[in-house]
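Numbering (the working numbering), first residue to last: 0 to 270. A short write-up of the structure that comes next.
Set out below in structure tokens:
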């Protein structure tokens, strides 16, 4: 039967090299050394050796996983991926995952809730983007949907307002319609659906004063009128009309600008 012929310490604190029949066999932690009563002269069966190696592999995987979790919450998939990158065997990785789940250190339900709550506190993503990010982290779709279902619209509105609050500063520079379109588009690219986006945009209170809309019409109109100064009068008016329409102004507002009611068009050309 194989016999331990030598035990030496590693440079790494708490680790020991085990030599069997004068040849290096494996390394163990100080804890395993004590628990298994591994001493020089101890006889080990092949089954004993395999059990010790497995216990060491499982312990190493668990320690790596716990260290990885100490920085921030992780999903089961993230921990498995990390252990795989560290060269841990699938068997040891699975053993570590099962231990962590039993110890309540790993729980995709809690992870999804924490992830969503963190975004609601400081982030700018809507439900669809959150769902996509959680799927990338390996969280099951039913867990994602259940976690999202717990969130009230008011909480999403706060996150949406963080995303588009700067667009509200464009009042008086762009039409109400264009501001709303830009806000909705930005919200949609960050995972807000149309209905939720509308609720967020309503918080901007864009139509607070007609003076702002008139000022925006004036600025955009002057910009367009100057842009097409090289065209003849008919083409110039057509292009300005199209430009203002594309920027969200109504036909009545456009007509008032082109008729000179907003600003004297002749004076624009003098600048």
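Glycine residues also receive a C-beta, built at the ideal position from the N, C-alpha and C atoms. Keep in mind it's a predicted model, so treat the numbers as computed, not measured.
Within 8 Å, strictly: CB atoms of residue i and residue j
i	j	result
residue 92	residue 60	yes
residue 16	residue 7	yes
residue 136	residue 66	no
residue 128	residue 196	no
residue 4	residue 25	no
residue 242	residue 212	no
residue 56	residue 31	no
residue 23	residue 68	no
residue 113	residue 152	no
Close Cβ partners of residue i (< 8 Å) along its chain, the five nearest in sequence each way excluded
i	result
residue 262	217, 220, 221, 256
residue 144	130
residue 109	72
Three-state secondary structure assigned by DSSP to residue i
i	result
residue 12	coil
residue 3	strand
residue 130	helix
residue 22	strand
residue 214	helix
residue 149	coil
Residue environment, residue i, which counts as buried when at least 16 other CB atoms sit within 10 Å
i	result
residue 164	exposed
residue 121	exposed
residue 0	exposed
residue 95	buried
residue 118	buried
residue 251	exposed
residue 182	buried
residue 38	exposed
residue 64	buried
Own chain, CB closer than 7 Å to residue i, minus 5 neighbours either side, in chain order
i	result
residue 83	92
residue 177	246, 247
residue 142	107, 108, 111
The ligand PLP heavy atom lying under 7 Å from the CB of residue i
i	result
residue 127	Only the bare structure without any ligand can be found here, which leaves the ligand PLP out of the picture.
Opposing strand residues paired with residue i [DSSP bridges]
i	result
residue 173	170
residue 27	15
Sequence-distant residues of its chain with Cβ nearer than 6 Å to residue i (five each side left out)
i	result
residue 147	126
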